[in-house]
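Residue numbering for the sequence shown is 1 to 225, as defined by full-length UniProt numbering. One structure is given here, and the rest of the page talks about it.
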Amino acid sequence: MARQRILLMRHPETRENMEGVLSGRIDVDLTPRGEEQMRRAIEAVVAWGPDRIWCSPLSRCRSIAEEAAFRLGIECRVEPGLAEINFGSIQGMRMDAVHELGYDFPWPLDAEGRSMPAPGAESFEDLLGRARGVLAALEPLEGRTACISHGGMSRAILGAVFGTPLSTFWHVTLPNVSSQILTYGGGHFSLAALALAPEEVIRRMREPDLIGIDTTQNISGRDAR
């Protein structure tokens with residue numbers, strides 16, 4: 001039985017998202033579509049009915065978390081571990097300018113399979129280590145949790161759950177304000193849903209039968225009862 005369910009949501013669309021800018025830890029403005037996405041995202045978090053809300057320190061995440069927490073009458077915890085990857089010396093730059101400097105993203109890997117970040121930037125190893133720290137902090141909790149974070153950090157959390165190699169963990173499409181649902185129970189995290197639109201989250205909360213039952217969970221190979 002799942003002891004905890006976790007909604008992991010990406011922030012709304014920003015101008016930098018649309019312009020190919022590596023915003024990372026910089027506070028940036030939402031696009032008009034991002035403003036509309038924010039309203040939809042708040043409704044989804046409220047429908048999720050979390051016992052607690054954690055969010056990245058950056059405003060594109062806090063705008064959702066703080067309003068949802070206010071409406072639910074619960075605390076919003078700013079969790080530094082949920083911040084986006086730090087792009088170091090290339091933070092705030094467009095990808096064409098990054099390439100002109102001789103760098104690339106996602107970080108390439110060396111011959112030994114280690115990531116090679118730009119100067120001052122966070123390596124994929126450190127990013128995944130930070131994701132494991134967030135998961136460790138979530139483990140003891142019960143009930144429902146909502147975490148509002150970023151595309152990079154969400155990929156890292158999924159990568160940490162599944163032990164995905166550095167060469168492929170970034171290759172997950174996570175649209176703005178899409179949500180991943182994780183469960184925790186029996187000593188491990190599981191993925192229950194991937195890239196749900198806000199309206200899909202709301203519908204699943206209103207119609208729990210849509211989630212279904214994983215009948216393979218009872219397979220043990222020892223007793224068919």
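Each residue gets a CB set at the ideal place from its N, CA and C atoms; glycine is no exception. These numbers were taken from a predicted model, which means no experiment stands behind them.
Proximity winner among the options, relative to residue i (alpha-carbon distances)
i, options, result
"serine 56", "Ala193, Arg25, Gln37", "Arg25"
"isoleucine 85", "Arg130, Phe70, Met95, Leu194", "Arg130"
"isoleucine 42", "Gly92, Pro198, Ile211", "Pro198"
"leucine 191", "Leu158, Pro208, Gly73", "Leu158"
"glycine 81", "Gly143, Ala136, Ile64, Thr164", "Ala136"
"proline 165", "Arg204, Leu196, Phe124", "Phe124"
"methionine 9", "Ile211, Arg204, Ala195", "Ala195"
"leucine 72", "Asp51, Asp27, Met95, Ala83", "Asp51"
"valine 28", "Val45, Ser63, Ile53", "Ser63"
"glycine 151", "Ala83, Leu30, Gly34", "Ala83"
Rounded Cβ spacing between residue i and residue j (contact assumed at less than 8 Å)
i, j, result
"isoleucine 174", "serine 154", "It is worth fixing the name first, because residue 174 is leucine in this sequence and not isoleucine. 5 Å between Cβ atoms; contact."
"histidine 11", "cysteine 76", "Not a contact, Cβ separation roughly 14 Å."
"tryptophan 48", "alanine 146", "6 Å"
Alpha-carbon to alpha-carbon, residue j and residue i
i, j, result
"leucine 22", "phenylalanine 87", "7 Å"
"aspartate 223", "tryptophan 170", "Bear in mind that a pLDDT of 44 at aspartate 223, under 50, signals an unreliable position, so the model cannot answer this."
"valine 98", "alanine 2", "44 Å"
"asparagine 17", "alanine 111", "31 Å"
"leucine 101", "asparagine 176", "28 Å"
"threonine 14", "arginine 39", "14 Å"
"aspartate 209", "alanine 160", "29 Å"
"arginine 144", "tyrosine 184", "10 Å"
Per-residue burial, residue i [other beta carbons within 10 Å of its own, 16 or more giving buried]
i, result
"arginine 206", "exposed"
"proline 108", "exposed"
"serine 167", "exposed"
"leucine 7", "buried"
"leucine 127", "buried"
Cβ-heavy atom distance, residue i to the ligand GDP, below 7 Å
i, result
"threonine 164", "This structure simply doesn't include the ligand GDP, nor any ligand for that matter."
Host alpha helix (DSSP H) of residue i (start-end)
i, result
"arginine 154", "According to the sequence provided, residue 154 is serine. The question's arginine does not apply to it. First-last of the alpha helix (DSSP H) with serine 154: 151-162."
Extent of the continuous beta strand (DSSP E) to which residue i belongs
i, result
"serine 63", "First-last for serine 63: 59-72, but that is the alpha helix (DSSP H), not the beta strand (DSSP E)."
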